[in-house]
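Below is one structure, written out as structure tokens; comments come after it.
Chains as they are written, first to last, in the numbering used here: chain A, -3 to 42; chain B, -14 to 317.
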């Protein structure tokens, strides 16, 4: 019974840690392509 | 003398009124709300450049109105549009619910009979996105695919409408027919900074307007991303760029013998961008901006089908809503 309770405790802690790690790991996303944005200027409107 | 009635005084309507007041050729702007007190507050905030009016759902339209620019919620917008058509008054709307867009387009026969014009989808997307789509398609010899995405909302009503769009069935245009997509296929969409990469899902919003304005495209999709509700996010984890709105338009097709893509994007406060688009459309309908499109012909259509994209984008840029082109290699 004691081993079962310990197992439950370990599983609960592991679940908690995984949630924290998952939430905190949302960092910047790598770019999907090379290039950049250029504002449309006068010649683009002719 | 041109008089424009602005109805629906939320984030979009107030910006619409501001744009109209600043447009030479618009002599009178009336801001209408169900509550006179609210209309007075808005008129006062506009430094009394507008006149307040109380306008309930069943109140008669005031006389002497040349154009109605509506930023009303989607459920009440078609009712006012029908009254405008019956009175022969041109009508521009920023409503974005798919059923509302359909109801506005269904006024085509009545609008023709009355000799007036209804322009649907005059917000960010549908709206500015449709103008960018026309511009992108115009840069290609032929177009295969057109993908439009929007991120951001303009106030609580707009957020509720976006959540509704994400719950409703998603559709895309594929090989000549509207296909129901069971899965929303969430995809990371790259907007100009500071919005950056955002996850957006397939929706039905505005697809039919894009099809009507770009009949050559074999595949057309529309995506929508919604910022998290600020109240549900702890202050330390709030995203400072969540207050921005953005659209991205990606057209794939052929230029000569090469298959290539054209990608345009805009970031701006959602209410500012949508209000500017609605204001410019209202001013055009009133005859104050004749260069942004040819003279309005009777009928009902989406914004993308009626304007001249280059002139319209130039007018928006002059008012501070500036588009950008992506230069590089987009991922198909």
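Ideal Cβ placement from N, Cα and C applies to all residues, glycine included.
> Taking 8 angstroms as the CB-CB cut-off, is residue 12/A touching chain B?
Replying inline: Translated into positions along the first chain, residue 12/A becomes position 16. Among the CB atoms of chain B, none fall inside 8 angstroms of the CB of residue 12/A.
> With respect to the beta strand (DSSP E) encompassing residue -12/B, which residues constitute its N-terminal and C-terminal limits?
Replying inline: As a first step, residue -12/B must be located in the second chain, where it is residue number 3. Looking at the DSSP string, the run of the beta strand (DSSP E) that includes residue -12/B is -12 to -8.
>> So that I know if they touch, is there some Cβ in chain B lying closer than 8 angstroms to that of residue 3/A?
In response: As a first step, residue 3/A is located in the first chain; it is residue number 7 there, counting from the start. By this cut-off, residue 3/A is not an interface position.
>> Measuring only the C-alpha atoms, how far is residue 270/B from residue 14/B?
In response: The residue labelled residue 270/B in the question sits at position 285 within the second chain. The residue labelled residue 14/B in the question sits at position 29 within the second chain. If you take the alpha carbons of residue 270/B and residue 14/B, they lie about 14 angstroms apart.
> Which residues of chain A have a Cβ atom closer than 8 angstroms to the Cβ of residue 177/B, listed in chain order?
Replying inline: Mapped onto the second chain, residue 177/B falls at position 192. Result: 33.
>> On the criterion of 16 or more Cβ atoms from any shown chain inside 10 Å, does residue 243/B qualify as buried, or is it exposed?
In response: For the purposes of this step, residue 243/B is taken as the residue at position 258 of the second chain. Exposed: under 16 other Cβ atoms inside 10 Å.
> Taking Cβ positions, are residue 114/B and residue 79/B nearer each other than 8 angstroms?
Replying inline: Taking the first residue of the second chain as 1, we reach residue 114/B at position 129. Taking the first residue of the second chain as 1, we reach residue 79/B at position 94. No, the Cβ-Cβ distance between residue 114/B and residue 79/B is not below 8 angstroms.
> Given a threshold of 16 other Cβ atoms within 10 Å of its Cβ, counted over all protein chains shown, does residue 32/B qualify as buried or as exposed?
Replying inline: Position 47 of the second chain, counted from the start, is the residue given in the question as residue 32/B. Exposed, by the Cβ-count rule.
> Listing by chain order, which chain A residues have their CB less than 8 angstroms from the CB of residue 309/B?
Replying inline: Start at 1 with the first residue of the second chain, and residue 309/B comes out as number 324. Chain A residues near residue 309/B: 33, 34, 35 and 36.
> Are the C-beta of residue 23/A and some C-beta of chain B separated by less than 8 angstroms?
Replying inline: One-based indexing of the first chain puts residue 23/A at position 27. Because residue 23/A sits at a pLDDT of 47, beneath the cut-off of 50, its placement in the model cannot be relied upon, and the point is left open.
>> My parser needs the beta strand (DSSP E) runs of 3 or more residues fully inside the region 236 to 287 of chain B; what are they?
In response: Counting only runs of at least 3 residues, the region 236 to 287 of chain B fully encloses the following beta strand (DSSP E) elements, listed from N- to C-terminal order: 243 to 254 and 284 to 287.
>> Taking contact to mean 3 or more Cβ pairs, one atom from each stretch, closer than 8 angstroms, check whether the region 198 to 210 of chain B and the region 90 to 99 of chain B are in contact.
In response: Judged by Cβ distances under 8 angstroms, the region 198 to 210 of chain B makes no contact with the region 90 to 99 of chain B, as fewer than three pairs qualify.
> Using CA coordinates, which residue listed in 101/B, 264/B and 250/B is at the minimum distance from residue 121/B?
Replying inline: To locate residue 121/B, count along the second chain from 1; it is residue 136. Residue 121/B has its Cα closest to that of 250/B, out of 101/B, 264/B and 250/B.
>> If distances are taken between C-alpha atoms only, which option among 211/B, 245/B, 241/B and 268/B comes closest to residue 232/B?
In response: Looking up residue 232/B in the second chain gives position 247. Residue 232/B has its Cα closest to that of 211/B, out of 211/B, 245/B, 241/B and 268/B.
> Is the shortest distance between the beta-carbon of residue 293/B and the beta-carbons of chain A less than 8 angstroms?
Replying inline: As a working mapping, residue 293/B is identified with position 308 in the second chain. So, not an interface residue.
>> Can you pull the chain A neighbours of residue 312/B, defined as C-beta to C-beta under 7 angstroms?
In response: Taking the second chain and counting its residues from 1, the one referred to as residue 312/B is at position 327. Contact annotation for residue 312/B against chain A: 31, 32 and 34 [CB-CB distance below 7 angstroms, chain order].
>> In the DSSP output, which residue or residues are listed as bridge partners for residue 206/B?
In response: Translated into positions along the second chain, residue 206/B becomes position 221. Answer is 132/B, bridged to residue 206/B.
> Hey, would you say the C-beta of residue -4/B is under 7 angstroms away from at least one heavy atom of the ligand ATP?
Replying inline: The ligand content of the structure shown is nil, which means the ligand ATP is not present either.
> In the structure shown, what three-state DSSP assignment does residue 78/B receive?
Replying inline: The residue given as residue 78/B occupies position 93 in the second chain. Of the three classes helix, strand and coil, the one that applies to residue 78/B here is strand, per DSSP.
> If we count the other Cβ atoms within 10 Å of its Cβ and call it buried at 16 or more, is residue 7/B buried or exposed?
Replying inline: Numbered from its first residue, the second chain carries residue 7/B at position 22. Counting other Cβ atoms within 10 Å of its Cβ, residue 7/B stays below 16 and is therefore classed as exposed.
> Taking DSSP as the reference, what is the three-state secondary structure of residue 21/A?
Replying inline: As a first step, residue 21/A must be located in the first chain, where it is residue number 25. A caution first: residue 21/A carries a pLDDT of 48, below 50, which makes its placement in the model unreliable, though a value can still be read off. Coil at residue 21/A, not helix or strand.
>> Helix, strand or coil for residue 9/A? Go by DSSP, reduced to three states.
In response: Translated into positions along the first chain, residue 9/A becomes position 13. It is helical.
> So which of 294/B, 261/B and 295/B has the shortest CA-CA distance to residue 4/B?
Replying inline: Translated into positions along the second chain, residue 4/B becomes position 19. For the residues 294/B, 261/B and 295/B, the minimum Cα distance to residue 4/B belongs to 261/B.
> Excluding five sequence neighbours on each side, which residues of the same chain lie with their C-beta closer than 6 angstroms to the C-beta of residue 296/B?
Replying inline: Mapped onto the second chain, residue 296/B falls at position 311. Excluding sequence positions up to five before and after residue 296/B, its CB lies within less than 6 angstroms of the CB of 276 and 277, all in the same chain and listed in chain order.
> Candidates 234/B, 151/B and 64/B: which alpha carbon is nearest residue 110/B's?
Replying inline: Taking the first residue of the second chain as position 1, residue 110/B is located at position 125. When each option's Cα is compared against that of residue 110/B, the closest is 234/B.
> So, are the CB atoms of residue 230/B and residue 96/B less than 8 angstroms apart?
Replying inline: Against the second chain, residue 230/B aligns to sequence position 245. Against the second chain, residue 96/B aligns to sequence position 111. The criterion of a C-beta distance shorter than 8 angstroms is not satisfied by residue 230/B and residue 96/B.
> From the beta carbon of residue 298/B, is the nearest beta carbon of chain A less than 8 angstroms away?
Replying inline: Stepping through the second chain from its first residue, residue 298/B is reached at position 313. So, interface residue.
> How big is the Cα-Cα spacing for residue 336/B and residue 185/B?
Replying inline: Any property of residue 336/B remains undetermined from this structure, which presents chain B solely from -14 to 317.
> Quick one: Cα of residue 266/B to Cα of residue 116/B, how far?
Replying inline: Along the second chain, one-based indexing puts residue 266/B at 281. Along the second chain, one-based indexing puts residue 116/B at 131. Spanning the two alpha carbons is a distance of roughly 12 angstroms.
> If you run the structure through DSSP and keep just helix, strand and coil, what is residue 200/B?
Replying inline: Taking the second chain and counting its residues from 1, the one referred to as residue 200/B is at position 215. It is coil, neither helix nor strand.
> Can you name the residues of chain A whose CB is closer than 9 angstroms to the CB of residue 250/B?
Replying inline: Within the second chain, numbered from 1, the residue matching residue 250/B stands at position 265. 33, listed in chain order.
>> Checking the sheet assignment: what are the DSSP bridge partners for residue 39/B?
In response: For this step, residue 39/B is matched to residue 54 along the second chain. Beta-bridge partners assigned by DSSP to residue 39/B: 18/B.
>> Using DSSP's beta-bridge definition, name the partner residues of residue -2/B.
In response: Numbered from its first residue, the second chain carries residue -2/B at position 13. For residue -2/B, no pairing in a beta bridge is given by DSSP.
> So, residue 281/B versus residue 75/B, is the Cβ gap smaller than 8 angstroms?
Replying inline: Locating residue 281/B in the second chain gives position 296, counting from the first residue. Locating residue 75/B in the second chain gives position 90, counting from the first residue. With a cutoff of 8 angstroms on beta-carbon distance, residue 281/B and residue 75/B are scored as near each other.
> Buried or exposed: where does residue 237/B fall if 16 or more other Cβ atoms within 10 Å of its Cβ makes it buried?
Replying inline: Translated into positions along the second chain, residue 237/B becomes position 252. Residue 237/B should be labelled buried.
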